[in-house]
Every structure is written in C-alpha cells, then in structure tokens.
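Colleague:
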Amino acid sequence: MSIDPARHSAELLNLVREATPLVQCITNKVVTNVTANTLLALGAAPAMVDIRGEAGVFAGIASGLLVNLGTPTEEQRDAAREAVPSANAAGTPWVLDPVAVGVLPVRTALAHELLAGRPTVIRGNASEIMALAGAGAGGRGVDASDATDSAADAAAHLAATHGSVVAVSGPVDLITDGRRIARVANGDPLLTLVTGGGCALGAVTAAFLAASDDPFAGAVAATLVYTVAAEIAAADPGGVGTVGPGTFAPRFLDALAQLTAEQVVERARVRVTTVDASGVAGEVTGIDAADAAAALVRS
Amino acid sequence: MSIDPARHSAELLNLVREATPLVQCITNKVVTNVTANTLLALGAAPAMVDIRGEAGVFAGIASGLLVNLGTPTEEQRDAAREAVPSANAAGTPWVLDPVAVGVLPVRTALAHELLAGRPTVIRGNASEIMALAGAGAGGRGVDASDATDSAADAAAHLAATHGSVVAVSGPVDLITDGRRIARVANGDPLLTLVTGGGCALGAVTAAFLAASDDPFAGAVAATLVYTVAAEIAAADPGGVGTVGPGTFAPRFLDALAQLTAEQVVERARVRVTTVDASGVAGEVTGIDAADAAAALVRS
Amino acid sequence: MSIDPARHSAELLNLVREATPLVQCITNKVVTNVTANTLLALGAAPAMVDIRGEAGVFAGIASGLLVNLGTPTEEQRDAAREAVPSANAAGTPWVLDPVAVGVLPVRTALAHELLAGRPTVIRGNASEIMALAGAGAGGRGVDASDATDSAADAAAHLAATHGSVVAVSGPVDLITDGRRIARVANGDPLLTLVTGGGCALGAVTAAFLAASDDPFAGAVAATLVYTVAAEIAAADPGGVGTVGPGTFAPRFLDALAQLTAEQVVERARVRVTTVDASGVAGEVTGIDAADAAAALVRS
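Residue numbers (our numbering), protein chains in the order written: chain A, 1 to 299; chain B, 1001 to 1299; chain C, 2001 to 2299.
#1: Taking 8 Å as the CB-CB limit, is leucine 132 of chain A close to chain B?
#2: Are isoleucine 26 of chain A and alanine 55 of chain A closer than 8 Å when you measure CB to CB?
#3: Measuring only the C-alpha atoms, how far is glutamate 128 of chain A from valine 101 of chain A?
#4: Decide yes or no for the touch test of the region 37-57 of chain A against the region 1082-1097 of chain B: beta carbon pairs closer than 8 Å, at least 3 of them.
#5: Taking 7 Å as the cut-off, is the beta-carbon of alanine 1131 of chain B closer than that to any non-hydrogen atom of the ligand ZN?
#6: Thinking C-beta only, is leucine 114 of chain A closer than 8 Å to glycine 124 of chain A?
#7: Assuming asparagine 125 of chain A is part of the beta strand (DSSP E), what are its boundary residues?
#8: Quick one: Cα of threonine 2071 of chain C to Cα of valine 1049 of chain B, how far?
#9: In the region 2243-2269 of chain C, which residues sit with their C-beta less than 7 Å from some C-beta in chain B, listed in chain order?
#10: Let me make sure I understand the geometry here. Which of A:Ala6, A:Gln24, A:Thr35 and A:Ala45 has the alpha-carbon closest to that of glutamate 18 of chain A?
#11: Give me the Cα-Cα distance between glycine 1021 of chain B and alanine 1255 of chain B, rounded to the nearest whole angstrom.
#12: At 4 residues or longer, what runs of the alpha helix (DSSP H) sit wholly inside the region 2041-2099 of chain C?
#13: Check for me: the alpha helix (DSSP H) holding aspartate 153 of chain A runs from which residue to which?
#14: Name the DSSP beta bridge partners of isoleucine 1003 of chain B, please?
#15: Please identify, using Cβ separations under 8 Å, the residues of the region 46-60 of chain A that lie next to chain B, in order along the chain.
#16: According to DSSP, is arginine 2183 of chain C part of a helix, a strand, or is it coil?
#17: Is any beta-carbon of chain C found at less than 8 Å from that of asparagine 1037 of chain B?
#18: Return helix, strand or coil for arginine 1271 of chain B, following the three-state DSSP convention.
#19: According to DSSP, is leucine 1259 of chain B part of a helix, a strand, or is it coil?
#20: Using a Cβ cut-off of 9 Å, which residues of the region 190-222 of chain A contact any Cβ in chain C, in chain order?
#21: Among C:Ala2059, C:Ala2222, C:Ala2257 and C:Ala2217, whose alpha-carbon lies nearest the alpha-carbon of alanine 2233 of chain C?
#22: Helix, strand or coil, according to DSSP, for threonine 247 of chain A in the structure here?
#23: Would you call the CB atoms of arginine 179 of chain A and threonine 273 of chain A closer than 8 Å?
#24: Using a threshold of 8 Å, state whether the C-beta atoms of alanine 1111 of chain B and proline 1093 of chain B are closer than that.
#25: Nearest-angstrom Cα distance between alanine 1188 of chain B and threonine 35 of chain A?
#26: Quick one, which of B:Arg1052, B:Asp1213 and B:Ala1229 has its alpha-carbon nearest threonine 2073 of chain C's?
#27: Would you list the one or two residues that DSSP bridges to alanine 2167 of chain C?
#28: Taking leucine 201 of chain A as part of the beta strand (DSSP E), name the residues at either end of that continuous run.
#29: Looking at C-alpha atoms only, which residue of B:Asp1213, B:Ala1235 and B:Arg1251 is the closest neighbour of arginine 1267 of chain B?
#30: What separation, rounded to the nearest whole angstrom, lies between the Cα atoms of valine 2172 of chain C and tyrosine 1226 of chain B?
#31: Whose Cβ in chain C lies nearer than 8 Å to the Cβ of valine 31 of chain A?
#32: Using the beta-carbon of each residue, which ones in chain C are nearer than 8 Å to alanine 1044 of chain B?
#33: Let me check understanding here. Comparing Cα to Cα, which of B:Val1194, B:Thr1223 and B:Gly1064 lies closest to threonine 1120 of chain B?
#34: Residues of chain A with CB closer than 8 Å to the CB of glutamate 2075 of chain C, please, in chain order.
#35: Going by Cα to Cα distance, which pick from C:Val2166, C:Ala2217, C:Thr2260 and C:Phe2248 is closest to aspartate 2004 of chain C?
#36: Got a sec: which bits of the region 1107-1125 of chain B sit with their beta carbon under 9 Å from any beta carbon on chain C, in order along the chain?
Shown next as structure tokens:
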C-alpha cells in the first residue's frame, strides 16, 4: 500500500498533538528558548535537561531526544555522552544535529563519537552533512554554503553506514534513509534569517519520531509541517505590513500552533523517490512505496 | 484594618516602579532572556549574576533574589549555594522555584539543600510543590499534571515547616503562608504555551518582595499583576488577528509595561481566606484580615 | 578630504551587507539569541563560539570578535583568554563590552586582563567606562547611572592608554579615539527597556569593524545604523497601536533588516569634533577631518 506523504504527515501532526511527546533537548544557547517555544507551539512538551547526572536519567523516560552541538560546553558534552546510550537502551529515538562540524575541533570529535550511537536521524545543512560524511570542507560553520543536492551522496553514505535517516536543510529539504529520498520544497527564506530556523527543526523531528514507527516518515512529516508553517507565517495573513525576520519569528509560532492537517495537505510540495540497487532514482507516489525497491538495496 | 487585596496589589505595583528593585536571577537557560525582559517591562532592573565568586557578593546588594532550578549547571549550583546565605545575611528576600523537582536527582537534592535556607517564597506548579513537600510523584517535570487545589495541603505543609510563603501556579493560582490563602483566578491559557510563563513570575515575585514588608501580600500582588497583564495581552486589543503563543509573548511585555493600577483593580479576581486552628477555611475580605485567626494558628 | 559621517556610515552598511562578516560572539546568556538575530538582520553571520578548544581557533578565521562579560562562566572566561590573542595574531578586530565591571570581582579582574590585549573598541555605558578607567563607583551593574558626557574624560583616557576606540552608550552615544569625538543623538528610550539594547550593539560594532579600516568610523557607523533602526522601530510605521518593549524588539529586527542607506543619511544626527592638544574641542564636519589636529595630540 502506498501512503501519500502529505496526508501521512498531516496524520502524524495530529498524533503528535494527541500524545504531547516529551522532548529532551541538549541544544545550543542561541536557540534554547526558541526551540522550547517551537515545541510548545507544536503541541509537544520541551525539557532542556542537559546537565551531568540528569541527562541520562531523563533520556530513559523522554519520548525523544535532540543532541545539537551548536555551543557544546563541557557539561553538555558529558550530558550528551550520558543521554545517548540511555536513549538507545530505552528505545528513545534521537536526533543528532552536528552544527558547524568539520570546522571546529571539539564538536567534530564529539559528533564522530556520538555517531557510533547510531542516531535515529541526523539533521544538518549541506556543509555539515558533507563534513560529517568526510566530504567537503565544512563551510564557515553556521551557514549552508553547499547546495542541498550536492550533499545527497554524503547523506546516502551516512544513512547506509549508520542506519540513520539523514535530513539536509536547504531551499529544498532532502530526507533519505538510503532507499527513499524525500524532497520538500516548502519553506521561506526568512527561516534562514532567524536563529533556530534549522536547530528547532531538530527538536520538532524528535517529537515526530515519537509519533511514528518509521523514522523516515517522521522526519519527512517534521520537515513538511515546519516549512508549511513558515510559509504561512511569511505570507502576512493579517496584512499588517511587510514581514521582516523580527516579526516573522512570533508569527511562525502562531502559524505552527494554529496549523491544521488540511493546511499541511493543501500546501505540501513533497516528492518521494526510491533508489534502486544501481543508484538510479525512480519516482514513486507514496512514502512507503519503496518497500520493493528497498529489498534490492538491502540485499 | 482590612486591606482589599486588589487595591493593595495595585499600590505595590506603583511602589515597584518607583523603587526599580534590582533583582538577581539564577535561572534556567530557557527563560533567561524572557525573565530579564519581563523584569524590565515591570519596571525592575534584572541582573543575571549566576557565577561562582560573584553570586554571593551580589546577593548582598540586590533587592531580591530568584533561584530557579530549571537547568542547574554545576556553576549555577555553586552560585546558588553562595547566594542564599548571603541573601539571608543581608535580609534580601528570595524566591525558590524548584522546577521539575522530584523527577530529576541533581536538582531535587539541591532543592532540599536550599530549603534549609528558608526561602521567602517557594513558587512552583502543583506537581513541584507536592514533590517538594514529599507528596505525589512529581509529574513529568515541566508541566503541571496535578490540579492546583490538590497541592493546597502540600503548600500549607511547606509554609508551616519552612516559614515560607508558597505560591502554586495553575488555572487558579494559590498563594498561602499557612494562615492565609489567596486564590487568583486571572490569567490566560496562553501563559502555559510560552516558555517563562511560570519562571518569569518567580522573578516578578522577587521584585514585589522588595516592595512589600508582607511576603504574602507581595506574592499575591506579583501573581495578580502578572496574570492580569496576561489577560490583557491575550485579549487582542489592537484587533489585528487571532493571538497565538508567538505574538502573545511580545504583547504580554507591552501589557505589563503599560499596565495601570486601575486595570489591576478593575480586572482582579482574587479572594483571600483564612485557615483557623482546626483547618476550616473562613472567607475574609482583606489581605491582612487574618491577623486574629493567625494568632490561633501560630499559638 | 572630509567625509560626511552619515554618508560614510551608510556606505559601510552596504559594505557589511556585501561582505556578510562572520562575527564570533563570546557573550552573555541573556542576550545570546537577540545578538545572533540582530547580526542576521544586519546581514552579518553570527557564530557563538565560546568554548575552550574552539574559541581560539575560530577567532583566527572570524571577521570580528565580541567579548561581552555579562555572565562570564568559567568556560567562557577561558574562551575569551583563548580568543583575544588569537584575534590579535590574525588581525581580527575585537570589541570588549565590560558589562557591570567595577561592581563584581570576577569580571572586573578579567576585564583588566583582557584590556592588555588592546581591544579595537571598548563599548559600555558611562558607569562601566568610568569603572574601567578607574573613575566612579561603577553604578549598580547593569543600568547607566552616569550621564554619557561625564564619562567623556574616562573614555579619552582609556582610548589614549590602550589605543582603543571607546564607545559610550547613553541618551546621546559618544564615540572617541582620543583625537575625534562623535556624538550620535539617534535612538529611542525603548532600547533601554529590552535586553540586548546595548549588548547587541557590541556585536554590530564588531561586524562594522570588519568592513572599515578606521575603527572609529566603524564604531560610529555601527552606532548610527543601530540607533536609526531603533527610531524607525519605535515610530510605529504600521500604525497598529502603541509600541511597548515587547513589540519593539521584533520591529527593531525588521527595521534593521529593511534599513536603507538613504534612511541612515536622512535620519542621522551625528556630530564629529576634534580635541586639540590643550583638550579644547573644535567642531568639524567630517569623520576624518581630524587628521591635522591628531598630529598635535599624538606628537
């Protein structure tokens, strides 16, 4: 059976809101507040438990975990080292966001260490995904200087070697588990002009993983819901003037809080393709239509 | 003499604005910014002095102190241990906000340690107050899973054993010093959809303690002023569209900055009752009408 | 040749936007988010790299560096000690913002230690600049209790002894390199009612230093651009209601993002004077017209 990815994402949004997943965030100091507010607007419950002696305990009871390496203090690094094995032991899905990896030594070493814990999802911009996969120079740290598609090979490689879903942010977002590739064309450039545009998506992804047995479908839904809300926020529905980055941020939270399943379906610009054993992409219409092709890839 | 709690709160608001109390905050990383902005909007002066070697010095000159355990890094824990005895030695009133106590081990141990310093006010949601008093399981950490009134006994117990005023956030806020109970019915559900909805109230309470000889009256005024501002912010006075959590946050700061004493009196939904020696509540009309009853309780 | 300071500032704004300078911020936890968003709105790229083992590496590749002492954790203090020599070795301009110096011991010691690294610009309020120069009592830490002009002597002294440009925030901002004094009368009182009003200006200054060979001109341009944007934000262009501190903050980011060079020139209220060897000020019209006078001062 083939499931339409837009409809499936809308259903997952409803599931997230019903379940109010508890999302533990070990994240950077720039986006802590906006990440928590984004989770609240989505309908999830944020918990920024990132100290030694608590991070591991909490990862065992959380619904999902985000480890974002944006400003990894010594205490946060130890917290991440506690949380990841605890999450894995408890079956808590977790997201690794390797901010500025490749450019800076401490986080790069930590990212590779945490990769061994096989993240459920790895989320980053093209530079970061390429750096993590060992390709490219890593950019200037925080901005995406590579096109998303140039990171597709790196994403596929990471997915294959770590069993992770890999999500690459860009003008078109790309999500892959190695056998399926989703491209989400929703979003707005204003997302790149506010802090947390990418980082908060990592937390939203962790929330959707708690609601989906299929991490690929969860990551696609998170990206779609997030970028559709951004489009609505940028569209200036109240007509009170030009939307700049300052007023966009609160509008985005409003749009996310008020987003309906119908809006997700109507606005979705998502396409899922499969990769066959020869690496040739073939278009499909459903988010799980790749099962047959997958058999080829995995065998 | 009986003082109307709404009018008294309005007067304390004016006193806070005249005095610009310097409020030291050792608080969590999620709400640091919104807490500082809330204090500024109120007319107080925020000072987030939370490092070793400075927290104790500053607590001796601050007008009020907040210790919030939301994300207690090792350095903040030491800062709290410096600040509390210094505040007590200098007569600086202080507020303990035991975020997620009972759920997580490090903060739970610290909360009990700090309790020995006899906080002027203890502020939390029902789960936290019950956990701190040794009742209930402590909820999931950050959301209020118990009704406020179910925490009334726990609040009374904490008040009696530590000489503190205890303030419990919820749909109806409850404040007690063991002999008086105030219930504040103002507020808006949007306060629970933005970070800092509860945490920033702790800082506002510290500001009002600096302006009131009676910590109970100070805590009531803080809660009333804060929740009335929230109501106004949620009411969409400009009529520019539906208020969601994103646009509510800046509107709340505007409403707090522009709040008049008259608005506090007009909108107040506050009721103060006393508890007699047998534990039976008797309604009173004034915030200090409990003096006679208090003699019974304390004897 | 004399250059009009308003026109020159407008040109530097265009240069900043073309170059997208990478601004490393070691800054306080209250303003981390608003500082990053302010840099993004300006057209610069923020990078909050403030941990041991990375701060020094990054200062060597950043376009500019801010060291703000608002909440200097132990890890941040070490990061600053790494970053400053690295910035100096690489020729990266850097800004020191000595928040609350003079009041609190840890940051005061660190500020004097960092001063030896000869900041390109020192930015603070009057109390802080006077405390750093050894004059005045240092105020209450975070608010400006001295008039800007009373800090003019202290600013001149700091400029002379450390070879730094000194920028003093206040109702009228004062910027001096010891031979030139600029006074910028733009701005709005709402800047003092939101966190980051001063701190984010330090980061903006670092961005302009990356675009200007003359640190004095860079600091003047940063102050002018920043305070003109604040005026526009406070002016309620959309006419949707009274602007309070909450709605001012996002409007300010919008105004900064949409600010044109023409608006800077039209609204600028900036005056540059020189100081002759006898300490007597003489008015000039251009930002570099002081060259002749400077010869007197420096000889």
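Heads up, the beta-carbon is just placed ideally off N, CA and C, and yes, glycines get one too.
Quantities reported herein were computed from a predicted structural model and do not represent experimental measurements.
Modeller: With the structure as the only source:
#1: One-based indexing of the first sequence puts residue 132 of chain A at position 132. Cβ-Cβ to chain B under 8 Å: no for leucine 132 of chain A.
#2: Counting from one through the first sequence, the residue named residue 26 of chain A turns up at place 26. Counting from one through the first sequence, the residue named residue 55 of chain A turns up at place 55. Yes, Cβ-Cβ distance for isoleucine 26 of chain A and alanine 55 of chain A is below 8 Å.
#3: To locate residue 128 of chain A, count along the first sequence from 1; it is residue 128. To locate residue 101 of chain A, count along the first sequence from 1; it is residue 101. Each residue's Cα considered, the two are about 6 Å apart.
#4: no
#5: Of the ligands one can find in the structure shown there are none, so the ligand ZN has no counterpart to examine.
#6: Taking the first sequence and counting its residues from 1, one reaches residue 124 of chain A at position 124. Taking the first sequence and counting its residues from 1, one reaches residue 114 of chain A at position 114. For glycine 124 of chain A and leucine 114 of chain A, no; Cβs fall outside 8 Å.
#7: In the first sequence, residue 125 of chain A corresponds to position 125, counting from 1. That run of the beta strand (DSSP E) goes 121-125.
#8: For this step, residue 2071 of chain C is matched to residue 71 along the third sequence. For this step, residue 1049 of chain B is matched to residue 49 along the second sequence. Distance between the alpha carbons of threonine 2071 of chain C and valine 1049 of chain B is about 7 Å.
#9: Gly2244, Pro2245, Gly2246, Thr2247, Ala2249 and Pro2250
#10: Within the first sequence, numbered from 1, the residue matching residue 18 of chain A stands at position 18. Nearest of A:Ala6, A:Gln24, A:Thr35 and A:Ala45 to glutamate 18 of chain A, Cα basis: A:Ala45.
#11: Along the second sequence, read from residue 1 onward, the residue named residue 1021 of chain B stands at position 21. Along the second sequence, read from residue 1 onward, the residue named residue 1255 of chain B stands at position 255. Strictly speaking, residue 1021 of chain B in this sequence is proline, with glycine absent from that position. Distance between the alpha carbons of proline 1021 of chain B and alanine 1255 of chain B: 20 Å.
#12: 2055-2059 and 2074-2090
#13: Counting from 1 along the first sequence, the entry for residue 153 of chain A is found at position 153. Per DSSP, aspartate 153 of chain A belongs to the alpha helix (DSSP H) from 152-162.
#14: On the second sequence, residue 1003 of chain B is found 3 positions in, with the first residue counted as 1. Per DSSP, none; premise fails for isoleucine 1003 of chain B.
#15: Pro46, Ala47, Met48, Val49, Asp50, Ile51, Arg52, Gly53, Glu54, Val57 and Phe58
#16: As a working mapping, residue 2183 of chain C is identified with position 183 in the third sequence. Correct three-state label for arginine 2183 of chain C: strand.
#17: For this step, residue 1037 of chain B is matched to residue 37 along the second sequence. It does; some Cβ of chain C falls within 8 Å.
#18: Within the second sequence, residue 1271 of chain B is the residue found at index 271, counting from 1. If DSSP states are grouped into helix, strand and coil, arginine 1271 of chain B belongs with the strands.
#19: Start at 1 with the first residue of the second sequence, and residue 1259 of chain B comes out as number 259. Leucine 1259 of chain B: coil per DSSP, three-state reduction.
#20: Thr192, Leu193, Val194, Thr195 and Gly196
#21: Within the third sequence, the letter at position 233 stands for residue 2233 of chain C. The shortest Cα separation from alanine 2233 of chain C among C:Ala2059, C:Ala2222, C:Ala2257 and C:Ala2217 belongs to C:Ala2257.
#22: Taking the first residue of the first sequence as 1, we reach residue 247 of chain A at position 247. Correct three-state label for threonine 247 of chain A: helix.
#23: Here residue 179 of chain A refers to the residue found at position 179 of the first sequence. Here residue 273 of chain A refers to the residue found at position 273 of the first sequence. Contact: no.
#24: As a working note, residue 1111 of chain B is residue 111 in the second sequence. As a working note, residue 1093 of chain B is residue 93 in the second sequence. It is not a contact, given that the beta carbons lie outside the stated cut-off.
#25: Position 188 of the second sequence, counted from the first residue, corresponds to residue 1188 of chain B. Position 35 of the first sequence, counted from the first residue, corresponds to residue 35 of chain A. Residue identity differs from the one stated: residue 1188 of chain B is aspartate in this sequence, not alanine. Aspartate 1188 of chain B and threonine 35 of chain A: Cα-Cα distance of roughly 22 Å.
#26: Taking the third sequence and counting its residues from 1, one reaches residue 2073 of chain C at position 73. Looking at the Cα atoms, B:Arg1052 is the closest of the given residues.
#27: For the purposes of this step, residue 2167 of chain C is taken as the residue at position 167 of the third sequence. Answer is C:Arg2123 and C:Ile2175.
#28: The sequence position of residue 201 of chain A within the first sequence is 201, counting from 1. Per DSSP, leucine 201 of chain A belongs to no beta strand (DSSP E); it is in the alpha helix (DSSP H), 199-209.
#29: Counted from its first residue, the second sequence places residue 1267 of chain B at position 267. That would be B:Ala1235, whose Cα lies nearest to the Cα of arginine 1267 of chain B.
#30: As a working note, residue 2172 of chain C is residue 172 in the third sequence. As a working note, residue 1226 of chain B is residue 226 in the second sequence. The straight-line gap from Cα to Cα measures roughly 33 Å.
#31: Here residue 31 of chain A refers to the residue found at position 31 when the first sequence is read from its first residue. Here the neighbours are Asn2033.
#32: Taking the second sequence and counting its residues from 1, one reaches residue 1044 of chain B at position 44. Those do not exist, as alanine 1044 of chain B stays about 11 Å from chain C at its closest Cβ, beyond 8 Å.
#33: Indexing the second sequence from 1 puts residue 1120 of chain B at position 120. Ranking the options by Cα distance to threonine 1120 of chain B, first place goes to B:Gly1064.
#34: The residue given as residue 2075 of chain C occupies position 75 in the third sequence. In chain order: Thr73 and Glu74.
#35: Against the third sequence, residue 2004 of chain C aligns to sequence position 4. Nearest of C:Val2166, C:Ala2217, C:Thr2260 and C:Phe2248 to aspartate 2004 of chain C, Cα basis: C:Ala2217.
#36: none
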